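Chemist: Numbering (the working numbering), first residue to last: 807 to 1005.
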C-alpha cells in the first residue's frame, strides 16, 4: 500500500513543479498568504500525526505542506506573478495563524490536527475566491495532483481513526473545491453544449 502513497507524492511534486513553472512565466499568480499558511499547517499535522504513531498515510499530508513551501519561495522570483493582497487575505492569514497558536497551546495530537485543518481552511479561502473570480490566474494541475495525493492516503490507512483520516479527507474536499472553482466555466460550457445537443 505504501507504493500508492509514494506514487501520490511523486504525482504531487510533478503538479507543483508545473505550477511553479507557470508562476515563473507569470501565467499563474499565487496568493502568498495562502501558500505560506498551506506550508505550515500540514507540516504541523504531520508532526502531530507522527507523535500519534501513524503509518505511511502521513506522507501525502507532509507533501501537501512541503510543496506549497516551494511555491511560496518561487512566487518571489517573477514580479509578473505578483497577486495584490487585500484585507480578506490578511484576515484569513491572521485566523490561520491563530489556529496554529491554539495548536501550540493544546499539545494534544487530535486537537492539533483539527486546528491544523482550521488553519489550512482559512488559508484556502483567499485562493478559492480568487479562483472563482479570476480562474485565469490559477493553474488547475497542482490541485488535481494534490487531490490524487490526498486520495492515495486512504490506501495506506491501517486504523480508521481521526488522526489518520481527518487531514486526507480535508485535502480531498479542499482540492476538489479549488478544481471546481477554476474549471466551473468550462464545465458549465460543456454541460450547456451537451444539453443543447440532446435537445
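Don't be surprised by glycine CBs; every beta carbon is placed ideally from N, CA and C.
Every value quoted in this text rests on a predicted model; they were computed, and no experiment measured them.
1) Is the CB-CB distance between residue 865 and residue 815 below 8 Å?
2) Quick check: the Cα distance between residue 942 and residue 924, rounded to an integer number of angstroms?
3) Just reading off the alpha helix (DSSP H) that residue 938 is part of, what are its end residues?
4) With DSSP as the reference, label residue 883 as helix, strand or coil.
5) Can you look up residue 956 in the DSSP assignment and give me helix, strand or coil?
6) Leaving aside the five residues before and after residue 871 along the sequence, list all residues of the same chain whose C-beta is less than 6 Å from its C-beta, in chain order.
7) Is the stretch 982 to 994 touching the stretch 938 to 952, taking contact as three or more C-beta pairs under 8 Å?
8) For residue 956, count neighbouring C-beta atoms within 10 Å of its own C-beta (all shown protein chains included) and say buried if the count is 16 or more, exposed if not.
9) Whole angstroms are fine: how far does the CA of residue 901 sit from the CA of residue 980?
10) Is residue 894 buried or exposed, if buried means 16 or more other CB atoms sit within 10 Å of its CB?
11) Check each candidate in 935, 904, 813 and name the one with the smallest Cα separation from residue 920.
12) State the Cα-Cα distance for the pair residue 966 and residue 940, rounded to the nearest angstrom.
13) Pick helix, strand or coil for residue 1016, following the three-state DSSP scheme.
14) For the alpha helix (DSSP H) containing residue 911, name the first residue and the last one.
15) Helix, strand or coil: how does DSSP classify residue 844 here?
16) What's the gap between the Cα of residue 819 and the Cα of residue 907?
Modeler: Looking at the coordinates:
1) On the chain shown, position 59 is the one that residue 865 refers to. On the chain shown, position 9 is the one that residue 815 refers to. Yes, the pair counts as a contact, with Cβ atoms nearer than the cut-off.
2) The sequence position of residue 942 within the chain shown is 136, counting from 1. The sequence position of residue 924 within the chain shown is 118, counting from 1. For residue 942 and residue 924, the distance between alpha carbons rounds to 27 Å.
3) Here residue 938 is taken as the residue at index 132 of the chain shown, counted from 1. Per DSSP, residue 938 belongs to the alpha helix (DSSP H) from 915 to 939.
4) For this step, residue 883 is matched to residue 77 along the chain shown. In this structure, residue 883 counts as coil in the three-state DSSP scheme.
5) Working through the chain shown from its first residue, we reach residue 956 at position 150. Helix, per DSSP.
6) Numbered from its first residue, the chain shown carries residue 871 at position 65. Excluding positions up to five away in sequence, the list reads 845, 848, 849.
7) yes
8) Taking the first residue of the chain shown as 1, we reach residue 956 at position 150. Looking at its Cβ environment, which holds 16 or more other Cβ atoms inside 10 Å, residue 956 is buried.
9) Here residue 980 refers to the residue found at position 174 when the chain shown is read from its first residue. Here residue 901 refers to the residue found at position 95 when the chain shown is read from its first residue. Distance between the alpha carbons of residue 980 and residue 901 is about 17 Å.
10) Sequence index remark: in the chain shown, residue 894 carries index 88 (1-based). With fewer than 16 other Cβ atoms within 10 Å, it is exposed.
11) Residue mapping note: residue 920 aligns to position 114 of the chain shown, counting from 1. Residue 920 has its Cα closest to that of 904, out of 935, 904, 813.
12) By 1-based counting over the chain shown, the position of residue 966 is 160. By 1-based counting over the chain shown, the position of residue 940 is 134. Straight-line Cα distance between these residues: approximately 38 Å.
13) Here the chain comprises residues numbered 807 to 1005, so residue 1016 is not present and cannot be evaluated.
14) Locating residue 911 in the chain shown gives position 105, counting from the first residue. That run of the alpha helix (DSSP H) goes 893 to 912.
15) Here residue 844 refers to the residue found at position 38 when the chain shown is read from its first residue. Helix at residue 844.
16) If you number the chain shown from 1, residue 819 lands on position 13. If you number the chain shown from 1, residue 907 lands on position 101. Using only the alpha carbons, I get a separation of about 29 Å.
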